[in-house]
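Asker: Heads up: the sequence shown begins at 12 in the numbering used here, then just goes up one per residue.
Ideal Cβ placement from N, Cα and C applies to all residues, glycine included.
For reference, the structure I am asking about is given below.
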Amino acid sequence: MLGNFTYQNPTKIYFGKGALADLKEALKAYGKTVQLIYGGGSVKKNGIYDQVVSLLKESGKKIVEDGGVMPNPTVEKLYEGVKIARENEVDLLLAVGGGSVCDYAKAVSVSVYCDEDPWEKYFIRFEEPSCKLLPVGCVLTMVGTGSEMNGGSVITNHAQKLKIGHVFGSEVMPKFTVLDPEFTYTVPRRQMVAGIYDAFNHICEQYFSGTDDNVSDYLSEALMKSLIANSRVALKDPENYEARSNIMWAATWALNTLIAAGKSTDWEVHMLGQAVGAYTDATHGMTLSAVSLPYYRHILPYGLKKFRRFAVEVWKVEERGTDEEIAQSGLKALESWMRELGVAMGLKELGVSEEMIEGIADATLVMDGGYHVLTREEIVKILKESL
Ligand code: NZQ
Ligand code: ZN
Numbered sequence: 012m013l014g015n016f017t018y019q020n021p022t023k024i025y026f027g028k029g030a031l032a033d034l035k036e037a038l039k040a041y042g043k044t045v046q047l048i049y050g051g052g053s054v055k056k057n058g059i060y061d062q063v064v065s066l067l068k069e070s071g072k073k074i075v076e077d078g079g080v081m082p083n084p085t086v087e088k089l090y091e092g093v094k095i096a097r098e099n100e101v102d103l104l105l106a107v108g109g110g111s112v113c114d115y116a117k118a119v120s121v122s123v124y125c126d127e128d129p130w131e132k133y134f135i136r137f138e139e140p141s142c143k144l145l146p147v148g149c150v151l152t153m154v155g156t157g158s159e160m161n162g163g164s165v166i167t168n169h170a171q172k173l174k175i176g177h178v179f180g181s182e183v184m185p186k187f188t189v190l191d192p193e194f195t196y197t198v199p200r201r202q203m204v205a206g207i208y209d210a211f212n213h214i215c216e217q218y219f220s221g222t223d224d225n226v227s228d229y230l231s232e233a234l235m236k237s238l239i240a241n242s243r244v245a246l247k248d249p250e251n252y253e254a255r256s257n258i259m260w261a262a263t264w265a266l267n268t269l270i271a272a273g274k275s276t277d278w279e280v281h282m283l284g285q286a287v288g289a290y291t292d293a294t295h296g297m298t299l300s301a302v303s304l305p306y307y308r309h310i311l312p313y314g315l316k317k318f319r320r321f322a323v324e325v326w327k328v329e330e331r332g333t334d335e336e337i338a339q340s341g342l343k344a345l346e347s348w349m350r351e352l353g354v355a356m357g358l359k360e361l362g363v364s365e366e367m368i369e370g371i372a373d374a375t376l377v378m379d380g381g382y383h384v385l386t387r388e389e390i391v392k393i394l395k396e397s398l
């Protein structure tokens, strides 16, 4: 392990069946006024909203409503949330939903006491917060992003055709998160598989970097194997608690900073996926699945040893043939699992047309922590191969 790092994760996790009851203990540390943040209504249909409201009332909290956070939250919604928090002098932002709701709560947190335009400050200039922050708590209802235990916040600006994430420091991570796997049973199958692929890709983004022997890579392999095995159970039996709980916990560890320790990390699949998201508003996990295989086939020669290891350790490919053949078999195994899941295998499925490719290429940020730094021509080529 050759890289230096600082590791701190302050998020307190309440995990398991009935874990929401612990919300009462968690709430004690915060003031009276709680901004209750949720999405388009799933939490009202499945009863989670009512359970949270009861606990807030029993805890003597004043509830300020902030519903309607859309998947891929927009900058306009962010401004609205900041206004609500300011007008009500909110003490705690409580996100009840998926990654979009949790990301949005973090963006509100860093913006309420900030005089500047948050889009410009955090998502264009990538500055760090220099103001008081509001604490964020989370009740997660959809698995995949890792937002429940990290500092990431992704905001979409449709007018500018940009979808940009800022990874804030530990002071912005949720102070606490409730993870009850049963809350994910009502997630539609398409969202469930998108979330599983998202979590898997988070691991890949960190795994496919570096050449040193690194604890993080062994941890990553274990997490990937757990996701593959449990996804197969959940596909057949979505209410299998053991599978859904393993998927939930693996997804949290896939992106809570641990497996990035000592690594440079890649994130180019996410940059391509986010650019696609800015143009299509498609489901995040599907934007990643659509571009993954062309990207990985393209960078395989530059990271051959790691792709060979991925094939052997994660997919149990037999060590026969050249390194290149073994590595390619690993990608074939990945492809066949993706088809089992039923994730998007091409950009056309997400509404991308040939004419959009140049614009999407312009919106793709280029990362330099992986095995190869892409040129613009290579980005266009990968996007065309992903159609
Ligand atoms: O809005 P509602 O009605 O609640 O419905 C949501 C939404 O339509 C539904 N849903 C969530 N929980 C449910 C449920 N439906 C039924 N039962 C439940 N229990 O699922 C849909 C998708 O929700 P969303 O929160 O958008 O999904 P996800 O968790 O995948 O979050 C996606 C956002 O997170 C960002 C993405 O870019 C995207 O904007 N990411 C955040 C990251 C981070 N913080 O580190 C990293 C990721 O790579 C990702 O970029
Ligand atoms: Zn992701």
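Reducing DSSP to helix, strand and coil, say where Cys215 ends up.
Answerer: helix
Asker: Using only CA atoms, which one of Gly370, Glu250, Val363, Arg97 lies nearest to Ser397?
Answerer: Nearest of Gly370, Glu250, Val363, Arg97 to Ser397, Cα basis: Val363.
Asker: Give the DSSP bridge partners of Val147, in chain order.
Answerer: Leu104
Asker: Which stretch, first to last residue, makes up the alpha helix (DSSP H) that contains Glu76?
Answerer: Element bounds for Glu76: not the alpha helix (DSSP H) but the beta strand (DSSP E), 73-77.
Asker: If contacts are defined as beta-carbon pairs under 8 Å, then Gln46 and Leu105 qualify, I think. What distance do you get, rounded to the angstrom?
Answerer: Confirmed, Cβ separation roughly 7 Å.
Asker: What I want to know is whether the C-beta of Tyr252 ends up closer than 8 Å to one or more non-hydrogen atoms of ligand 1.
Answerer: Tyr252 Cβ: outside cutoff for every heavy atom of ligand 1.
Asker: Does Tyr124 come out as helix, strand or coil in the three-state DSSP assignment?
Answerer: Coil at Tyr124, not helix or strand.
Asker: Compare the Cα-Cα distances from Asp128 to each of Tyr90, Glu69, Thr44, Gln217 and report the closest residue.
Answerer: Tyr90
Asker: Are His281 and Leu299 close, meaning C-beta to C-beta below 9 Å?
Answerer: yes
Asker: How about Ser231 and Tyr382: do their beta carbons lie closer than 9 Å?
Answerer: no
Asker: Could you tell me whether any non-hydrogen atom of ligand 1 is closer than 8 Å to the CB of Pro82?
Answerer: yes
Asker: Near Leu283, what residues of its chain come up, given a Cβ to Cβ distance below 6 Å and the 5 sequence neighbours on each side ignored?
Answerer: Val302, Thr375
Asker: For the putative contact between Thr289 and Thr167, defined by C-beta atoms under 8 Å, what is the C-beta separation to the nearest angstrom?
Answerer: Reading off the sequence, residue 289 comes out as Ala, not Thr. About 6 Å separates the two Cβ atoms, so the contact holds.
Asker: Quick test of your reading: Leu4 and Trp264, contact by CB under 8 Å. State the CB separation rounded to the nearest angstrom.
Answerer: Given a span of 12 to 398 for the chain in the structure shown, any question on residue 4 remains unanswerable.
Asker: Just the Cα atoms here: how many angstroms apart are Gly79 and Thr152?
Answerer: Taking the straight line joining both Cα atoms gives about 15 Å.
Asker: Between Val54 and the rest of its own chain, which residues show a CB-CB distance below 7 Å, the 5 nearest in sequence each way excluded?
Answerer: Counting only Cβ-Cβ distances below 7 Å, and skipping sequence neighbours, we find Tyr60, Val107, Gly108, Thr152.
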